[in-house]
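Asks: Okay, here's the structure, questions in a sec.
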Amino acid sequence: PFCSWIQAKNLYPQLPSLVSLLTCWLQVQHTGSMATSAVPSENLPTYKLVVVGDGGVGKSALTIQFFQKIFVPDYDPTIEDSYLKHTEIDGQWAILDVLDTAGQEEFSAMREQYMRTGDGFLIVYSVTDKASFEHVDRFHQLILRVKDRESFPMILVANKVDLMHLRKITREQGREMATKHNIPYIETSAKDPPLNVDKAFHDLVRVIRQQIPEKSQKKKKKTKWRGDRATGSHKLQASPGQEPQLDADAHRPRGPSGSLRQLRLEEAAQRVRTLERGLHIRASVGAV
């Protein structure tokens, strides 16, 4: 692998040096270890957030920017990606399990499955894509049908507002759509410097907290996560009376001891994988 890196570096001088990559990795690990000490040691409530919307509206870019603080400009259609992060919102710590979903019609059969387990939904459209805005109604109705509810925690996200010269959907139109469905509205951009990315996810958690009784939130602390290595998804199963426990294949912590530290290490690993993915894309483009 080292020789392969040297060869790639000779072909593409613009790639970061191996030393800088290792330094970045060590800094992320060190930062994660330092931050873990400030996180409460007791079990934290977990919120499963699902990002839905048409393909190409920037769902993955928003999710990666939220978790890893980088912007991925290249469009790579997602099938299903799951991310974990513990964060403090309004003075209360929580674990966010975010599912980045496929927007293409060929994967529409999967939608009801992930909608059943979601605690809240970010319905994303691109302000440069009129069709994605028109499909907001469809996603909203499908979520309510699957949940068998008249209302459910959701937030309408107008993405790519940095592309002002390409904008087709006005702010007023977006707000009217949100008012129509009685859900919050926010405008975002995943491009650096990001706009309202963290706020979008945090606002959804606030909506969930308002609609979920305190007793239900306490029950959410005792959950069992089962990972699917093939898709990268994670299914939630309630396990009353048991401490958090994970399957071995999920590569997640067992029990409360060290679980938060493990989450930080997993976040660091996700950052490195995304960085490697970006380098691979750049190398492929350069080769072409």
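Residue numbers (my numbering): 5 to 292.
Ideal Cβ positions, reconstructed from N, Cα and C, are used throughout, including at glycine.
On a predicted model such as this, the values are computed, not experimentally measured, just so you know.
1. Nearest CA to the CA of Val-55: which residue from Ile-216, Val-209 and Gln-215?
2. Name the residue from Pro-49, Gln-69 and Gly-57 whose alpha carbon lies nearest to the alpha carbon of Pro-198.
3. Between Glu-116 and the rest of its own chain, which residues show a CB-CB distance below 7 Å, the 5 nearest in sequence each way excluded?
4. Touch check for the region 146 to 163 and the region 84 to 95: three-plus C-beta pairs under 8 Å?
5. Tell me whether Thr-192 sits in a helix, a strand or coil according to DSSP, three-state version.
6. How is Glu-154 classed by DSSP in three states: helix, strand or coil?
7. For the beta strand (DSSP E) holding Ile-216, just list the boundary residues, first then last.
8. From Gln-215 to Trp-97, what does the alpha carbon distance come to, in whole angstroms?
9. Which stretch, first to last residue, makes up the alpha helix (DSSP H) that contains Ala-182?
10. When DSSP labels each residue in this structure, what does Asp-85 get in the three-state scheme?
11. Hey, could you find the ends of the alpha helix (DSSP H) Ala-65 is sitting in?
12. Return helix, strand or coil for Thr-132, following the three-state DSSP convention.
13. Is it buried or exposed, Gly-145, if we count other Cβ atoms within 10 angstroms and call 16 or more buried?
14. Note down, in chain order, each residue of its chain lying with its Cβ closer than 6 Å to the Cβ of Ser-193, except the 5 sequence neighbours on either side.
15. If I follow the unbroken alpha helix (DSSP H) through Tyr-118, where does it start and stop?
16. Quick one: residues in its chain with C-beta nearer than 7 Å to the C-beta of Lys-195, no 5 flanking neighbours on either side, listed in chain order?
17. Could you say which of Gly-59, Gly-60, Leu-100 and Thr-50 lies nearest to Ala-204 if we only look at CA atoms?
18. Under a three-way DSSP split, which group does Lys-203 fall into?
19. What does DSSP give as the partner residue(s) for Lys-52 in the beta ladder?
20. When we look at the beta-carbon of Pro-77 and count the other beta-carbons within 10 Å, is it buried (16 or more) or exposed?
21. Hey, Leu-103 and Ser-86 are a contact pair by Cβ (cut 8 Å); roughly how many whole angstroms apart?
22. On the CB-based measure, 16 or more other CB atoms within 10 Å of its CB, does Leu-170 come out buried or exposed?
23. By how many angstroms is the C-alpha of Tyr-118 removed from the C-alpha of Phe-156?
Replies: Inspection of the coordinates gives the following:
1. Translated into the one-based positions of the sequence shown, residue 55 becomes position 51. Out of Ile-216, Val-209 and Gln-215, Val-209 has the C-alpha closest to the C-alpha of Val-55.
2. Position 194 of the sequence shown, counting from 1, holds the residue named residue 198. Put simply, of Pro-49, Gln-69 and Gly-57 the residue whose alpha carbon is nearest the alpha carbon of Pro-198 is Gln-69.
3. Within the sequence shown, numbered from 1, the residue matching residue 116 stands at position 112. Within the same chain, Cβ atoms closer than 7 Å to the Cβ of Glu-116 are found at Val-150, the five residues on either side in sequence being excluded.
4. Cβ pair count under 8 Å is below three, so no.
5. Numbered from 1 along the sequence shown, position 188 holds the residue referred to as residue 192. Reduced to three states, the DSSP call for Thr-192 is coil.
6. Along the sequence shown, read from residue 1 onward, the residue named residue 154 stands at position 150. Three-state DSSP puts Glu-154 in coil, outside helix and strand.
7. Position 212 of the sequence shown holds residue 216. Ile-216: not part of any beta strand (DSSP E); DSSP gives it neither H nor E.
8. Indexing the sequence shown from 1 puts residue 215 at position 211. Indexing the sequence shown from 1 puts residue 97 at position 93. Near 18 Å, if we compare the C-alpha coordinates of Trp-97 and Gln-215.
9. Here residue 182 refers to the residue found at position 178 when the sequence shown is read from its first residue. Under the DSSP assignment, Ala-182 falls in the alpha helix (DSSP H) whose first and last residues are 175 to 185.
10. Start at 1 with the first residue of the sequence shown, and residue 85 comes out as number 81. Secondary structure at Asp-85: strand, using DSSP grouped into helix, strand and coil.
11. Working through the sequence shown from its first residue, we reach residue 65 at position 61. Counting along the chain, the alpha helix (DSSP H) containing Ala-65 begins and ends at 63 to 72.
12. As a first step, residue 132 is located in the sequence shown; it is residue number 128 there, counting from the start. Thr-132: coil per DSSP, three-state reduction.
13. Reading the sequence shown from its first residue, position 141 is the one you call residue 145. Here the sequence assigns Gln to residue 145, which means Gly is not the residue at that position. Result: exposed.
14. Here residue 193 refers to the residue found at position 189 of the sequence shown. So the qualifying residues of the chain are Val-165, Asp-166 and Leu-199.
15. The sequence position of residue 118 within the sequence shown is 114, counting from 1. Unbroken alpha helix (DSSP H) run through Tyr-118: 115 to 121.
16. Within the sequence shown, numbered from 1, the residue matching residue 195 stands at position 191. The answer, listed in chain order, is Phe-75 and Asp-166.
17. If you number the sequence shown from 1, residue 204 lands on position 200. For Ala-204, the closest of Gly-59, Gly-60, Leu-100 and Thr-50 by C-alpha to C-alpha distance is Leu-100.
18. What you label residue 203 is simply residue 199 of the sequence shown in a count that begins at 1. Helix, per DSSP.
19. Your numbering for residue 52 matches position 48 in the sequence shown. Bridge partners of Lys-52: Asp-101.
20. Here the question's residue 77 lines up with position 73 in the sequence shown. Label assigned to Pro-77: exposed.
21. Position 99 of the sequence shown, counted from the first residue, corresponds to residue 103. Position 82 of the sequence shown, counted from the first residue, corresponds to residue 86. Confirmed, Cβ separation roughly 5 Å.
22. What you label residue 170 is simply residue 166 of the sequence shown in a count that begins at 1. Exposed.
23. Sequence index remark: in the sequence shown, residue 156 carries index 152 (1-based). Sequence index remark: in the sequence shown, residue 118 carries index 114 (1-based). Each residue's CA atom was taken as its position, placing Phe-156 and Tyr-118 some 15 Å apart.
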